[in-house]
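J.: Residue numbers (full-length UniProt numbering): 1 to 113. Backbone N, C-alpha and C fix where the C-beta goes; we use that ideal spot for every residue, glycine too.
1. Helix, strand or coil: how does DSSP classify residue 19 here?
2. Short of 6 Å in beta carbon distance, which residues of its chain neighbour residue 49, apart from the five on each side in sequence? Order them along the chain.
3. Is the Cβ-Cβ distance between residue 18 and residue 70 less than 8 Å?
4. Measuring straight from C-alpha to C-alpha, what distance separates residue 75 and residue 35?
5. List the whole-angstrom C-beta distance separating residue 52 from residue 26, where the pair is believed to meet the contact cut-off of C-beta under 8 Å.
6. Measuring straight from C-alpha to C-alpha, what distance separates residue 100 and residue 24?
7. Taking a contact to mean a Cβ-Cβ separation below 8 Å, would you say residue 56 touches residue 22 in this structure?
8. Run the CB neighbour count on residue 54, radius 10 Å, all protein chains shown included, and call it buried at 16 or more, exposed below.
9. Just the C-alpha distance for residue 68 and residue 94, rounded to the nearest angstrom, thanks.
10. At what residues does the alpha helix (DSSP H) containing residue 64 begin and finish?
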């Protein structure tokens, strides 16, 4: 039960890092660093901030692509009358649960000899 809570929290944090508020936090952190400890803002600190910024940009782009893909797949599932209801609600599950369901479906859908 605790393991599920940890996985859920990590997934939620990943989603939060794709929100515009994450960039506000980033700029506030960088500004406060500049104001309160300007002397330690050397090339190493600039690299740290650049890495953090790029991570946020990548997370945002990846989240946008994922949401667009989900919207398209949702539309296809609505259009297909024989779609499995369990698959239609898969986006509410944790990544590990999705992997298990995919493996189960692939084993069940494999051609029989």
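T.: If we stick to the structure as given:
1. In the structure shown, residue 19 falls within a coil segment according to DSSP collapsed to helix, strand and coil.
2. 30
3. no
4. 49 Å
5. 6 Å
6. 37 Å
7. yes
8. exposed
9. 19 Å
10. 43-79
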